[in-house]
Amino acid sequence: MQLKYLRTLLEGQEQIQRIAGLAWSPNQQKLAIATADRHILLYDDAGERRDKFSTKPANAANGKNSYVIRGLAFSPDSTKLAVGQSDCIVYVYKLGESWNDKKVICNKFPQAGAVTSLIWLTTGAIIAGKERHVLITANCSHLLLSRTRRWQSACPALQE
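Written out as structure tokens, the structure reads:
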């Protein structure tokens, strides 16, 4: 495999962990970058910044500085972006088909603990990692795999 440097998207900062997360869309048209100041920057396939939007806390009363972004994942169709946060929530933002579409939260998945990692499977399920737990979220329910490796699900389709 050959890698080629194309350009710098964000200049260096005098700050620790300026980039909180990266995700490349499955259709290879969008790059999402989560910054330490809790913004999502969207770039096109040519490396041009096309959009920017701010994320929100799980509880507005706690304020904007009450969380950090821990993970990003695009949906299989590249029209949605899951954002895992340290304030125990995964938000799914609808990005739309074009750059001009409004970015809105279309799903909220509260968690029992802070999200540490995130991936969106091609089958449609979102997997959010927490300390000693993995939560698989589908349209119909939540599925929890704990340390004891017991599966609990309210969605029969996920138990197959």
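Going by the UniProt record's numbering, the first residue of the sequence shown is number 1, and it counts up by one from there. Virtual Cβ for every residue (Gly too), placed ideally from N, Cα, C. Computed from a prediction, not measured in an experiment: that's the story for all the values here.
Look at A61 here: in three-state DSSP terms it is helix. Residue burial is scored here from C-beta neighbours: G96 has fewer than 16 other C-beta atoms within 10 angstroms and is therefore classed as exposed.
In the DSSP assignment, A73 falls within the unbroken beta strand (DSSP E) covering I69 to F74.
For L9, the closest of Q2, R18 and M1 by C-alpha to C-alpha distance is R18. The alpha-carbon separation between D51 and L6 amounts to approximately 20 Å.
The region 60-71 and the region 41-48 do not touch, with fewer than three beta-carbon pairs separated by less than 8 Å.
Contact annotation, T55 with R38: C-beta distance approximately 5 Å; criterion of less than 8 Å satisfied. In this structure, V115 lies away from A125, with their beta-carbon atoms at least 7 Å apart. Around the beta carbon of T35, 16 or more other beta carbons sit within 10 angstroms, so the residue counts as buried. Between Y91 and V83, the CB-CB gap stays under 7 Å. Pairing Y67 with L81 gives a Cβ-Cβ distance that is not under 7 Å.
As computed with DSSP, Y43 is found in a beta bridge with L31 and R49. By a beta-carbon distance limit of 8 Å, A73 contacts W120. Their separation comes to about 4 Å.
In terms of Cα proximity to C88, the closest of F109, K102, S75 and D101 is F109.
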